[in-house]
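In the working numbering, the protein residues as written are 789 to 873.
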Amino acid sequence: MPSDITATLTQYLLERDAAGLKKYGVSLDRRDLTVEQWLDHQTEELLDGAGYAQAAKREIAAMRARIKELEELVVRLARLHAEPL
């Protein structure tokens, strides 16, 4: 049996294959593209992937900044709570 990850990746591949066929009306079995055109498609996909990675890094940085703000707020609240009335 494949690992859960491999099974998930296999399912994704099948879904993407079906989506590509539905959207473009052709599969990866097509023979009308040159090697250079296939490489152009790959380059475009890799650039998209790099963009997604950068966007995710931006989101992580924003979350970390928000966590730091919340931690500082907790510290301030703890100090206020510790002060005598």
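Note that beta-carbon positions come from the ideal geometry of N, C-alpha and C, so glycine has one too.
Rounded C-beta distance between residue i and residue j? I'm assuming under 8 Å.
i: Asp805; j: Ser791; result: At roughly 21 Å, the Cβ-Cβ gap does not stay under 8 Å, so Asp805 and Ser791 are not in contact.
With respect to the alpha helix (DSSP H) encompassing residue i, which residues constitute its N-terminal and C-terminal limits?
i: Leu809; result: 792-812
i: Met789; result: No alpha helix (DSSP H) holds Met789; DSSP gives it neither H nor E.
i: Glu860; result: 823-870
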